[in-house]
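Protein chains in written order, with my numbering: chain A, 50 to 511; chain B, 562 to 875.
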């Protein structure tokens, strides 16, 4: 083969001419000029999550980049949510914040108020998909996303999560006990709940809490392990007509309704002996999941996200689900993190494209299918929409009722004000610890609420 | 050609030209500085600069997001009205006062045990030392399981022996003892230092004491302890400083709970800085920790330091 003696300049000339004529003949020249002229824009996306979330984000990035070859997303992953909050703050301080990020619900208001998050109100309103009426599950989405109380959007709620009961359906069947559900007449009232809990709790000799000689120090099976996180205790307070946080964004757990509700939680452990003492630290030792699986627990009150591991596919039992019991009315605090673009991003349009993509069905469906999330879009809650994510073996048979009936009626969205983390860490969580150790709610809550509200007031002044 | 090579300048030749002209004493001084330069740089970068920044932050309010603003002495005044600080100091002092002596006695006891010339002693030495090389995070997770009220191994044994179910990590009264157990588990480091000290005591002293009719306790009291006093003192100071800075286990196991019972000072500083987003107050708390450590170190040196016996001291 004869070697072509061509200089570099000649070669480039030839390639340019042939490329241009090819593009012109195909009518592609505007496209080619655009893509040749521009490298893909790189944006970063910070967040946390276990394996499922990590993989979900990576899968989403692949799909997004196929749809948007002009944007490259770099996923900056931190496994633990709390740790990510610190990582984000230090990055903000160092001026190395990502373009887009998960935002913890308890950091959202502070970040929005400090101008860290990009205002996306107009972008949402003008978006042909996200701007549609009833696109999001309302009114919670708009209420919660309007951080800072100015009616502007600084993030989109990634999803909704809420407390629910997980129960060992085999055990309920065996004992002939009607399990809880999500429809109005299936939700336990508190007395029924306690009564059923007593039937389900047994000591090592097979005695129940009301039996003579019941040994509360040697319980073989507990009826319920109730997560003592704020959403779970807050839901009980709302169920008794109280409030966790008022509309003025102050703690309200010192009202008679709240104190009564919290005392009922204490009584589950110390009066009725149907709940283990270690519930406050459910992440220690044997988890509620292992307890359910091994038959040492009949019910676990946990977040809807836990469905991704407390499900019939994962465990050796059939898992059922239902609403948490009501005191005077059903109530459930709905909460989750946000997807936001950061105001410091040099690529606001690309950042918006990515945030927008995360609120479209593909991304939502992925996480809804594995049981981690409840969709935040109304289109996924229609008869047709439900089919796209309800998954056999993950979602119990009655799960549609949770999202189509129960949550729209009884779900409560809350805003967590600036100063919330400090107030909660220093005063509210220790107060909950005291309750879990058996202190009376009336003795603990008024002082704790007062001190916590002082912190919120101080944060408001800053 | 040869001449050309010998006169070619290397990048640092100016330095060596200058260095070679110096008298020997100056050269040695320079070499000395070069050798301690890693420490000096580390001291400047990781202590002096952060300390100065912290001193400046004491007079600022900074939430890591917006620029710092000058607030005068507000952060210092807050120290006197902060309801959490006394609780945090109480937890830290209580833990230190209890865990340091217990750890010292236990490490000394173990060192004496593994100093016995029996077959397979290396295996025992390894076993006792192992816990101290388990990473702090792993050992925290492990102890969280062991101390679980309902299902933990510790409570299992206590109950098998007829004892009560102890809420180690749920009851504020039991949380500090739980952390003392945890810290005692990791005394392998001090134990090895004690062992090295014990092996440095010449056997001839014991032989002489035996000839004079001294029993085991008399030998321990009159030979071992005095000769070990510099090492005991060293371990005391280090144990004291370390226990004042307990952090990882508290963060991972209880996160300061229950009821702030394990909100040790460093954990409180971390929480104030990175969760409550109050860098200025966290810096102020850091200075509190610094002054406490400095004052108590001085007291220890004054009280215990004078009782230390140095064999080769003038």
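Just so you know, even glycine gets a beta-carbon here, dropped at the ideal spot from N, CA and C.
Remember, it's a predicted structure, so these values are computed and weren't measured experimentally.
State the DSSP-derived secondary structure class of residue i, mapped to helix, strand or coil.
i: residue 613 of chain B; result: helix
i: residue 890 of chain B; result: Missing from the structure shown is residue 890 of chain B; chain B here goes from 562 to 875 and no further.
i: residue 364 of chain A; result: coil
i: residue 93 of chain A; result: strand
i: residue 206 of chain A; result: strand
i: residue 350 of chain A; result: strand
i: residue 501 of chain A; result: helix
i: residue 274 of chain A; result: strand
i: residue 783 of chain B; result: helix
i: residue 375 of chain A; result: strand
i: residue 622 of chain B; result: strand
i: residue 163 of chain A; result: coil
i: residue 321 of chain A; result: coil
i: residue 423 of chain A; result: strand
i: residue 848 of chain B; result: helix
i: residue 833 of chain B; result: helix
i: residue 510 of chain A; result: helix
i: residue 300 of chain A; result: strand
i: residue 178 of chain A; result: coil
i: residue 462 of chain A; result: strand
i: residue 386 of chain A; result: coil
i: residue 578 of chain B; result: helix
Tell me whether the beta-carbon of residue i lies closer than 8 Å to the beta-carbon of residue j.
i: residue 652 of chain B; j: residue 823 of chain B; result: yes
i: residue 294 of chain A; j: residue 383 of chain A; result: no
i: residue 261 of chain A; j: residue 203 of chain A; result: no
i: residue 791 of chain B; j: residue 731 of chain B; result: no
i: residue 423 of chain A; j: residue 239 of chain A; result: no
i: residue 744 of chain B; j: residue 867 of chain B; result: no
i: residue 212 of chain A; j: residue 92 of chain A; result: no
i: residue 361 of chain A; j: residue 448 of chain A; result: no
i: residue 152 of chain A; j: residue 387 of chain A; result: yes
If I measure Cβ to Cβ from residue i and keep anything under 7 Å in the same chain, skipping five residues before and after, which residues do I get?
i: residue 393 of chain A; result: 146
i: residue 828 of chain B; result: 808, 811, 812, 817
i: residue 113 of chain A; result: 122, 403, 406
i: residue 385 of chain A; result: 154, 206, 207, 208, 209, 210
i: residue 299 of chain A; result: 502, 505
i: residue 621 of chain B; result: 629, 630, 631, 632, 841
i: residue 714 of chain B; result: 707
i: residue 358 of chain A; result: 338
Smallest Cα separation from residue i: which of the options?
i: residue 479 of chain A; options: A:364, A:445, A:279; result: A:279
i: residue 662 of chain B; options: B:820, B:858, B:798; result: B:798
i: residue 173 of chain A; options: A:404, A:149, A:469; result: A:404
i: residue 667 of chain B; options: B:793, B:727, B:631; result: B:793
i: residue 656 of chain B; options: B:789, B:735, B:610; result: B:735
i: residue 399 of chain A; options: A:306, A:148, A:353, A:228; result: A:148
i: residue 849 of chain B; options: B:830, B:709, B:717, B:593; result: B:830
i: residue 452 of chain A; options: A:474, A:463, A:434, A:442; result: A:434
i: residue 344 of chain A; options: A:381, A:200, A:215, A:475; result: A:215
i: residue 696 of chain B; options: B:714, B:746, B:727; result: B:746
i: residue 376 of chain A; options: A:313, A:365, A:258; result: A:313
i: residue 102 of chain A; options: A:130, A:276, A:117; result: A:130
i: residue 120 of chain A; options: A:137, A:89, A:143; result: A:89
i: residue 737 of chain B; options: B:646, B:825, B:755, B:643; result: B:825
i: residue 321 of chain A; options: A:225, A:446, A:259; result: A:259
What does residue i touch in chain D if you count any residue whose Cβ is under 8 Å from its own?
i: residue 470 of chain A; result: Annotation note: the requested chain D is absent from the structure, which comprises protein chains A and B.
Excluding the five sequence neighbours on either side, which residues of its own chain have a C-beta within less than 6 Å of the C-beta of residue i, listed in chain order?
i: residue 450 of chain A; result: 231, 232
i: residue 341 of chain A; result: 217, 349
i: residue 418 of chain A; result: 438, 440
i: residue 789 of chain B; result: 758
i: residue 159 of chain A; result: 467
i: residue 116 of chain A; result: none
Going along the chain, which residues of its own chain have a beta-carbon closer than 8 Å to the beta-carbon of residue i, five neighbours each way excluded?
i: residue 838 of chain B; result: 624, 625, 626
i: residue 875 of chain B; result: At residue 875 of chain B the pLDDT is 49, less than 50, meaning the model places this residue with poor confidence and gives no usable figure here.
i: residue 414 of chain A; result: 424, 429, 437, 438
Cβ contact (3+ pairs, closer than 8 Å) linking the region 240-256 of chain A and the region 264-274 of chain A: yes
Report yes or no: do three or more beta-carbon pairs, one from the region 96-103 of chain A and one from the region 115-134 of chain A, lie closer than 8 Å? Contact between the region 96-103 of chain A and the region 115-134 of chain A is present, because at least three Cβ pairs lie under 8 Å.
How about the region 494-507 of chain A and the region 454-471 of chain A: do they share at least three Cβ pairs that are nearer than 8 Å? yes
Quick check: the region 307-327 of chain A against the region 489-503 of chain A, are at least 3 beta-carbon pairs closer than 8 Å? yes
Would you call the region 764-780 of chain B in contact with the region 666-682 of chain B, where contact means no fewer than 3 C-beta pairs closer than 8 Å? no
Taking 8 Å as the threshold, find out whether the region 851-868 of chain B comes into contact with the region 763-771 of chain B through three or more Cβ pairs. no
The region 636-650 of chain B contacting the region 717-729 of chain B, beta-carbon criterion three pairs below 8 Å: No contact exists between the region 636-650 of chain B and the region 717-729 of chain B.
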